[in-house]
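With the first letter of the sequence shown counted as 1, position 296 gets the number 475 in my numbering; the numbers rise by one all the way through.
Don't be surprised by glycine CBs; every beta carbon is placed ideally from N, CA and C.
Since we're looking at a predicted model, the values are computed, not measured.
See structure below.
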Amino acid sequence: MADFKLMKQQQAPSAEPKASIDNEMARNSVSLSVPEPSWFTPKRLLVIFCVINLLNYVDRGTIASNGVNGSLGTCTSSGTCTSGSGIQGEFNLNNFEDGVMSSAFMVGLLVASPIFASLAKSVNPFRLIGVGLSVWTLATTGCGFSFNFWSITICRMLVGVGEASFISLAAPFIDDNAPVTQKTAWLAIFYMCIPTGYAVGYVYGGLVGTHLNWRFAFWMEAIVMLPFAILGFIMKPLQLKGFAPAESKKSPINVETAVPEVQEAFNVKGSAKSIKEEFSHMFSKMKCAPINLNQFSRFLKDMKALLVEKVYVVNVLGYCAYNFVIGAYSYWGPKAGKNIYNMSDADMIFGGITIVCGILGTLAGGYVLDFMNSTISNAFKLLSVTTFVGAIFCFTAFCFKSMYAFLAVFSVGELLVFATQAPVNYICLHCVKPSLRPISMAISTVSIHIFGDVPSSPLVGVLQDRVNNWRETALILTSILFPAAGIWFIGIFLHSVDRFNEDSEGQVTEVDRSNTTPLLPEVAETRYSSA
C-alpha cells in the first residue's frame with residue numbers, strides 16, 4: 180500500500196510545480212522557434228529605410244529636373260531655331276504628355292500598393308520589399324533604354340509597382356521600433372527624405388543631364404538601388420506589430436500567441452500530447468487554410484474598417500488636397516521658376532531651397548508634435564495651422580516680381596508646408612489598430628495620388644497651355660492649400676482614439692504583455708531602462 184501511494188504521488192505531482200514546468204517547457208520550445216533578432220538595430224533599420232526612401236524620391240526629382248526632363252525645340256519669327264533637350268525634346272512631348280509621363284509611375288504604385296499591403300499578412304514584408312525593389316531597379320534601367328513616349332511611360336509605371344512594396348510597409352516598421360517618446364521624430368526623419376530626395380534629384384538630374392546624357396541618370400540610380408534589393412532577400416525577417424505569425428508560413432512564431440496554445444495542450448489533453456505534436460497540428464492547419472479567399476475577405480473587412488473611421492477619412496481628404504499642390508510644385512516648380520524669374524540655374528536654386536526647407540520643416544514638424552504631446556488632436560492642430568500659414572506665404576511669394584523677394588518668402592512657406600509630413604502620417608498609423616497599419620498607409624498613398632499629384636501634373640500642364648502664364652498658373656495652384664488646411668481643421672473636433680496598443684490578429688491582452696519579445700534588441704534595452 181505504501182508503494183502504491185508513493186507511485187501515485189510520483190505520477191500526480193502538485194498542480195503548481197506542474198504548471199511551472201509546463202510553462203517553462205513551452206517557453207523554451209517556443210524560444211527555439213523564434214529566430215534571433217537581425218544584425219541591425221532600430222537606428223540601422225531607420226537608416227536603411229531612409230536611404231531607400233531617398234532614392235525613390237531622387238528618381239522623382241530627377242525626371243522633373245530641367246537637365247533630364249528638358250524642353251521642346253523653339254523657333255523665332257526670324258527663322259532661328261534651337262533644338263530641344265532632355266526627354267521632352269528628344270521625344271517631342273507637349274506639356275500634357277510631359278505631365279502624363281511624370282504621373283505614369285503613380286498608376287503602378289496605385290494598383291500595387293493595396294496588393295503588397297494585403298500580402299504582408301501572409302508573406303514576410305522584407306521579402307516583399309526585396310521583390311519590389313528588384314522590379315524598381317529593372318524598370319529604372321529600362322527608362323534609360325526607352326525610345327519613345329510609350330516605352331518610357333510603361334517603364335515609369337513599373338517603377339511605381341516597385342516602390343509600392345516599400346511605401347506602405349516601411350512606416351509601420353519604423354513606428355514599431357522607434358522609442359516611445361520619439362515616434363513622431365523618427366517618422367519625421369523618414370519623411371524628411373521626400374523633399375530632400377526631390378531636391379537632390381533636381382541637382383543630380385541637372386548635373387548629369389547637362390554633362391553626360393539624361394539616360395545615364397536612370398542607369399546610375401539603378402546601380403545604387405541594387406544592393407538594397409538584394410538586402411531585402413538576405414536579411415533576417417521581422418514581424419510587424421498586430422499580425423498573427425500563423426498567417427505567414429515563413430514568419431517567426433509569436434511568443435504571445437504560441438505559449439497559451441501550448442499550455443492549453445498540456446492542461447486539457449495532458450502530457451500525452453507533446454509540444455512537437457501541438458506545433459505540427461498548428462502548421463498543418465495553417466497549410467490547409469484557403470489563404471487566397473481569406474486574404475480577399477480580410478481585405479474587404481479592412482477597407483470597411485478604414486472607411487468608417489472618420490478621423491482617417493478626414494485626414495486623407497486633407498492630404499489629397501495638400502498633395503495636389505505639392506505634386507505639381509515638385510514637377511513644374513523648376514520650369515515655372517525658370518520662366519517667371521528667368522532663373523539660369525533653376526534646378527540648383529529650387530533644389531537648394533527644397534533641401535534646406537524640407538529637412539528643417541519636416542524635422543521641426545515631428546519634434547514639435549512630440550513636444551506638444553503626440554496625440555491625434557494635436558496632430559490635426561499642427562496640420563491646419565502650418566498649412567494655412569504656409570499657403571499665405573507661398574501665395575504671396577508668387578506675387579513678387581523680384582526673384583530674391585520670391586525666394587525669401589517662398590522659403591518660409593515651404594518650411595511651414597513641409598512640417599505636415601510627420602503629423603499626417605502619425606494620424607494614419609495611430610487612428611487604426613496595428614494590423615490595419617499597412618493597408619492604412621497603402622490606401623492613404625493610393626488616395627493622395629489618385630486625387631492628388633496624379634491629376635495635378637497633367638492638369639497644370641493643360642492650364643498652362645491655355646493661359647500661357649506661369650505666374651497665374653502658380654497662384655491658382657497654390658490657392659488649393661487653403662481648402663486642405665480647412666479640412667484638417669475639422670479633424671480637431673472629431674472624437675479620436677489612439678489605437679496603437681490595441682490587440683488584434685491573435686495577439687494577447689495586457690496579462691502576458693511582459694513576455695513579448697521586442698522586434699529589435701535596442702528597443703528592449705530602451706524599454707527595460709525606462710521601466
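Put simply, the stretch 267 to 284 touches the stretch 639 to 648. At least three CB pairs are less than 8 Å apart. Membership of serine 297 in the alpha helix (DSSP H) is indicated by the continuous run 274 to 298.
Per DSSP, arginine 239 is one residue of the alpha helix (DSSP H) stretching across 221 to 243. Distances from the alpha-carbon of glycine 497 to those of Thr332, Asp632, Ser325 and Ala664 put Ala664 closest. Around the beta carbon of glutamate 488, 16 or more other beta carbons lie within 10 angstroms, which makes this residue buried. Note that the C-beta distance between glycine 569 and leucine 595 is below 8 Å.
Cβ contact annotation for aspartate 549 (same chain, cutoff 8 Å, sequence separation greater than five): Thr360, Gln361, Lys362, Thr363 and Ala364, in chain order. Rounded to whole angstroms, the gap between the alpha carbons of leucine 233 and glutamate 400 is 11 Å.
In the DSSP annotation of this structure, the continuous segment of the alpha helix (DSSP H) that includes aspartate 644 starts and ends at 633 to 646.
Judged by DSSP secondary structure, histidine 390 falls within the alpha helix (DSSP H) whose first and last residues are 372 to 390.
By the 16-neighbour rule on beta-carbons within 10 angstroms, alanine 296 is buried. For serine 250, the beta-bridge partners assigned by DSSP are Ser264. Considering only Asn604, Pro293, Leu660 and Phe529, the residue with the shortest C-alpha distance to tyrosine 381 is Phe529.
Exposed is the label assigned to cysteine 578, since fewer than 16 other Cβ atoms lie within 10 Å of its Cβ. Rounded to whole angstroms, alanine 558 and serine 619 show a C-alpha spacing of 17 Å. C-alpha of asparagine 604 to C-alpha of threonine 261: approximately 46 Å in a straight line. When DSSP states are grouped into helix, strand and coil, cysteine 610 belongs to the coil group. DSSP, read as helix, strand or coil, puts alanine 357 in coil.
By the C-beta density criterion, serine 590 is buried, having at least 16 other C-beta atoms within 10 angstroms. Contact check for serine 344 against serine 636 fails: the beta carbons are separated by 8 Å or more.
Its Cα nearest to that of glycine 384, the residue Ala243 stands out among Ser292, Ala243, Ile505 and Glu269.
Remark: C-beta atoms of glycine 309 and glycine 388 do not approach each other more closely than 8 Å. Shown here for threonine 541: same chain residues with a beta carbon closer than 6 Å to its own, the five before and five after excluded, namely Ala367, Tyr370, Met371, Phe597 and Gln600 in chain order. The beta carbons of phenylalanine 328 and leucine 391 sit about 22 Å from each other, so the pair does not count as a contact at 8 Å.
In the DSSP annotation of this structure, glutamate 488 is not part of any alpha helix (DSSP H), being labelled neither H nor E. Assigned with DSSP and collapsed to three states, isoleucine 671 falls in coil, not helix or strand.
For methionine 582, the three-state secondary structure derived from DSSP is helix. Scanning its chain for C-beta atoms nearer than 7 Å, with the 5 sequence neighbours on each side dropped, one finds around leucine 298 the residues Leu307, in chain order.
Nearest in C-alpha terms to isoleucine 266, of all of Phe574, Val490 and Ser330, is Ser330. Measuring C-alpha to C-alpha distances from phenylalanine 672 to each of Arg239, Lys560, Ala357 and Ile571 identifies Lys560 as the nearest. Short of 7 Å from the beta carbon of tryptophan 315, and not among the five residues preceding or following it, lie these beta carbons of its own chain, in chain order: Val338, Gly341, Glu342 and Met404.
By the CB criterion at 8 Å, alanine 408 and leucine 312 fall inside the cutoff. Arginine 223 counts as exposed, since fewer than 16 other beta carbons sit within 10 angstroms of its beta carbon. Residue range 616 to 627 is occupied by the alpha helix (DSSP H) that includes methionine 620.
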